[in-house]
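Enquirer:
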Amino acid sequence: MTNVNETLETDIVIVGAGSAGCTLAGRLTEDGQTAVTILEAGGKDWNPWIHIPIGYGKTIVHPRLNWRFETEASAEIGNRRMYWPRGKVLGGSSSINGLLYIRGQAQDYDHWRQLGNTGWSYDDVLPYFRKAENHENGGDTYHGSDGPLRVSNLKERNPLCDAFIKSAVEAGIPANDDFNGATQEGVGYYHTTTRNARRCSASVAYLKPAMKRQNLRVITKAETQRIVFEGKRAVGVIFERGGKQIFVRARREVVISAGSINSPKLLLLSGIGPAAQLRQLGIDVVHDLPGVGENLQDHYGALVTYKSRLPVTVNDIMMSPAKQLQVGLQYLLFRTGPLTISAAQVGAFAKSDQRLETPDIQFLFQTFSHDEYDDGLHKFSGFANAVCPVRPESRGTLKLRSANPKDTPLMQPNYLSSENDRKVLVEAIKLSRKVAEKAAIAAVIEAEYAPGKAVQSDDEILSYARQTGLSIAHQVGTCKMGQDSMAVVDASLKVQGIEGLRVVDASIMPTLISGNTNAPTIMIAEKAADMIRMSGT
């Protein structure tokens, strides 16, 4: 290898210290023997906004904590480009996300098994959810009580949230105090990845306790350039740090946990992917694998926004320096108050059609309102309900822009390209409006700000959703697990046709789960850690 300034050796090298990478590093070093090196392109998770729950509003756009990806223009959403926040810091997106702990539905994982992925049914993965979890309510059939990941009930209760729950029940959505229990359907408060009013990221849960181990090496500000192969075996990676090119040789395995954008990007840069695409960019083909970067999925949602009669929203706090001081002191002194809230405090999983077996809509009720991620909050008392179809049929693609590792890839999500996705999103907005008509929440609504009274027909609602919708930031599927010709990894998460290389993160999901993706990504890594340990290679 030319231009390498330094060589390191390890048993296992992990690229990416996000939700999956931190989990893997924590578990694989528990034996005190396996040497693990984990590389993170971002820095350390020292920014205080990471750890204060409401800091989500800062971290989701922070340029030093966030890759701040932007997609290509997407035809079905008014040729708009979409902002995609992804964590670039220890903990990855678990350090910048909205803190919601959601697993999805049992049927999501049973479907994975039906696709030929042995060992990935709900009964297979539930033990790993429980192994990861430390729920403040204690353990039971569904929940763990002694895992590293702290999960808590939301303590801060806003009258708007309580009113929304009452109205949703009146509208026919059953009450549910545990979306991760026997059934997901219903309305209630979300559980959050917090404890003692502080965020519990994968870095806090898994990496920080492992830092004292002599067999763990953590390198931040390390931008991985490519995987190194000897024949068809991965033997390490080259990363850049401080202007130096450093090679990490892995005696056992290379594990890519860089997320649904950067994992396929790294495979492509390293010569694994559609051969014709790679040759066009002058990249030597190591293995022709057509599925790399395909099967891109994400949750696309729309906001139903209201002006509030009650001045109890986050908007009100941000418009008042006195209130900001008050809630700041409340948090510092007592660890209570509005600074402890997650991105959505209350939510629901409901059906667009009652003939469905399981919910296909998610509500994320927020005690604040805004238009875009980068916009500030509205200058009025406002709240919003973000609604989205949870099992989108639309599929996008990811391709390299060039052979330069510093260039962001071309991401085309193809949002709303499926007729069913469009139909379900319209029904979700209509159901949200139905809830808003019920007495408890109607009493606190001054007016519907968006879509607004003028938007009534299905076509008008769809037009609004196309022009104003946003990503819920749950990108998955670009290195999908499976047995078909477009699969990138097998059920052991080993890259097809290559030895010594796995992908372990949300990119391996064959289909997007019905809800937020952080908890499932940690589960995937918990299961992968066991597979790697058992393989002993």
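Start counting the sequence shown at 3; every next residue gets the next number (my numbering).
From the three backbone atoms N, C-alpha and C, an ideal C-beta is built for every residue, glycine too.
On a predicted model such as this, the values are computed, not experimentally measured, just so you know.
1. Return the Cβ separation of GLU440 and GLU172 in integer angstroms, given the expectation that the two are a contact with Cβ distance under 8 Å.
2. In whole angstroms, what is the alpha-carbon distance linking LEU331 and LEU67?
3. Do the CB positions of LEU402 and LEU283 come within less than 8 Å of each other?
4. Over what stretch of residues does the alpha helix (DSSP H) that includes PHE166 continue unbroken?
5. Take ASP409 as the anchor and find which of LYS425, LYS223, SER516, LYS267 has the nearest alpha-carbon.
6. By alpha-carbon positions, which one of TYR144, VAL348, ILE500 ends up nearest to GLY238?
7. Looking at GLY471 and ILE79, is the spacing between their C-beta atoms short of 8 Å?
8. Which of helix, strand or coil does DSSP assign to LEU418?
9. My parser needs the alpha helix (DSSP H) runs of 4 or more residues fully inside the stretch 90-172; what are they?
10. Look at the alpha carbon of GLY174 and the alpha carbon of PRO391, and state the distance between them as a whole number of angstroms.
11. What is the residue span of the alpha helix (DSSP H) that SER465 lies within?
12. Buried or exposed: which applies to LEU209, given that a residue is buried once 16 or more other Cβ atoms fall within 10 Å of its Cβ?
13. Sort LEU291, ASP179, ALA405, THR9 by Cα distance to ALA252 and report the nearest one.
14. Give a single yes or no on whether ASP164 has its beta carbon closer than 7 Å to a heavy atom of the ligand FAD.
15. Can you give the Cα-Cα distance for ILE98 and TYR58, rounded to whole angstroms?
16. Please state whether DSSP places SER265 in a helix, a strand or coil.
17. Quick check on the DSSP output: the beta strand (DSSP E) that includes VAL17 runs from which residue to which?
18. Note the first and the last residue of the continuous alpha helix (DSSP H) segment covering VAL446.
19. Counting C-beta neighbours from all protein chains within 10 Å, is the total for LYS482 16 or more, i.e. buried, or is it exposed?
20. Please report the straight-line C-alpha distance between LYS529 and ASN217, rounded to a whole angstrom.
21. To the nearest angstrom, how far is it from the Cα of ASN81 to the Cα of ALA75?
22. In angstroms, rounded to a whole number, what distance separates the CA positions of ILE463 and GLY106?
23. Could you say if the stretch 314-326 and the stretch 381-397 meet the contact criterion of at least three C-beta pairs nearer than 8 Å?
24. In chain order, which continuous runs of the beta strand (DSSP E) of length 3 or greater are located wholly inside the stretch 322-375?
25. Any idea which residues DSSP pairs TRP86 with across the strands?
26. Return the CA-CA distance between VAL220 and LEU269, expressed in angstroms with no decimal places.
27. Return the first residue and the last residue of the beta strand (DSSP E) that GLN227 is part of.
28. Could you name the residues of the same chain whose beta carbon sits closer than 6 Å to that of ILE443, not counting the 5 residues immediately before and after it, in chain order?
29. So what does DSSP say about CYS574, is it helix, strand or coil?
30. Could you name each continuous beta strand (DSSP E) segment of 3 residues or more that falls completely within the stretch 228-311, going from the start of the chain to the end?
31. Would you kindly work out how many angstroms separate the C-alpha atoms of ASN264 and ASN520, rounded to a whole number?
32. Spell out a yes or no on whether the stretch 286-300 and the stretch 41-50 are touching, meaning 3 or more CB-CB pairs, one atom from each, closer than 8 Å.
33. If you pair each beta-carbon of the stretch 272-290 with each one of the stretch 328-343, do three or more pairs fall below 8 Å?
34. Provide the residue span of the alpha helix (DSSP H) that contains GLY454, from first to last.
35. Mind checking who GLY398 pairs with in its DSSP beta bridge?
36. Between LYS223 and PHE365, what straight-line distance do the alpha-carbon atoms span, to the nearest angstrom?
Expert: Put simply:
1. Counting from 1 along the sequence shown, the entry for residue 440 is found at position 438. Counting from 1 along the sequence shown, the entry for residue 172 is found at position 170. Going by the sequence as given, residue 440 is Lys instead of Glu. The pair is a contact, with the Cβ atoms about 4 Å apart (cut-off 8 Å).
2. The count along the sequence shown starts at 1 and reaches residue 331 at position 329. The count along the sequence shown starts at 1 and reaches residue 67 at position 65. Spanning the two alpha carbons is a distance of roughly 26 Å.
3. To locate residue 402, count along the sequence shown from 1; it is residue 400. To locate residue 283, count along the sequence shown from 1; it is residue 281. Yes. Within cutoff.
4. Start at 1 with the first residue of the sequence shown, and residue 166 comes out as number 164. Element bounds for PHE166: 161-172.
5. Residue mapping note: residue 409 aligns to position 407 of the sequence shown, counting from 1. Considering only alpha carbons, the answer is LYS267.
6. Here residue 238 refers to the residue found at position 236 when the sequence shown is read from its first residue. It is ILE500 whose Cα lies nearest to the Cα of GLY238.
7. On the sequence shown, position 77 is the one that residue 79 refers to. On the sequence shown, position 469 is the one that residue 471 refers to. Yes, they are a contact pair.
8. Your numbering for residue 418 matches position 416 in the sequence shown. LEU418: coil per DSSP, three-state reduction.
9. 108-116, 124-134, 161-172
10. Residue 174 sits at position 172 when you count from the first residue of the sequence shown. Residue 391 sits at position 389 when you count from the first residue of the sequence shown. Distance between the alpha carbons of GLY174 and PRO391: 18 Å.
11. Residue 465 sits at position 463 when you count from the first residue of the sequence shown. Counting along the chain, the alpha helix (DSSP H) containing SER465 begins and ends at 460-470.
12. Here residue 209 is taken as the residue at index 207 of the sequence shown, counted from 1. Label assigned to LEU209: buried.
13. Here residue 252 refers to the residue found at position 250 of the sequence shown. For ALA252, the nearest C-alpha among the options comes from THR9.
14. This structure simply doesn't include the ligand FAD, nor any ligand for that matter.
15. One-based indexing of the sequence shown puts residue 98 at position 96. One-based indexing of the sequence shown puts residue 58 at position 56. Straight-line Cα distance between these residues: approximately 6 Å.
16. Taking the first residue of the sequence shown as position 1, residue 265 is located at position 263. Three-state result, SER265: helix.
17. In the sequence shown, residue 17 corresponds to position 15, counting from 1. Unbroken beta strand (DSSP E) run through VAL17: 8-17.
18. Walking along the sequence shown from the start, residue 446 turns up at place 444. First-last for VAL446: undefined, no H or E at that position.
19. The count along the sequence shown starts at 1 and reaches residue 482 at position 480. Buried, because 16 or more other Cβ atoms sit within 10 Å of the Cβ of LYS482.
20. Numbered from its first residue, the sequence shown carries residue 529 at position 527. Numbered from its first residue, the sequence shown carries residue 217 at position 215. Answer to the nearest angstrom: the Cα atoms are 21 Å apart.
21. Position 79 of the sequence shown, counted from the first residue, corresponds to residue 81. Position 73 of the sequence shown, counted from the first residue, corresponds to residue 75. Taking the straight line from one Cα to the other gives about 5 Å.
22. For the purposes of this step, residue 463 is identified with residue 461 of the sequence shown, where counting begins at 1. For the purposes of this step, residue 106 is identified with residue 104 of the sequence shown, where counting begins at 1. C-alpha separation (whole angstroms): 27 Å.
23. yes
24. 348-352, 363-368
25. As a first step, residue 86 is located in the sequence shown; it is residue number 84 there, counting from the start. BP columns for TRP86 point to PHE71.
26. Against the sequence shown, residue 220 aligns to sequence position 218. Against the sequence shown, residue 269 aligns to sequence position 267. Cα to Cα, VAL220 sits roughly 22 Å from LEU269.
27. Taking the first residue of the sequence shown as position 1, residue 227 is located at position 225. GLN227 -> beta strand (DSSP E) spans 225-232.
28. Start at 1 with the first residue of the sequence shown, and residue 443 comes out as number 441. These residues qualify, in order along the chain: ALA165, PHE166, SER169.
29. This structure cannot speak to residue 574, because the chain is shown only from 3 to 539.
30. 235-243, 246-258, 302-310
31. Locating residue 264 in the sequence shown gives position 262, counting from the first residue. Locating residue 520 in the sequence shown gives position 518, counting from the first residue. Spanning the two alpha carbons is a distance of roughly 16 Å.
32. no
33. no
34. Position 452 of the sequence shown, counted from the start, is the residue given in the question as residue 454. Taken as a continuous stretch (DSSP letters only), GLY454 belongs to no alpha helix (DSSP H), as it is neither H nor E.
35. As a working mapping, residue 398 is identified with position 396 in the sequence shown. For GLY398, which the question treats as bridged, DSSP gives the partners LEU298.
36. Taking the sequence shown and counting its residues from 1, the one referred to as residue 223 is at position 221. Taking the sequence shown and counting its residues from 1, the one referred to as residue 365 is at position 363. Those two C-alpha atoms are separated by around 37 Å.
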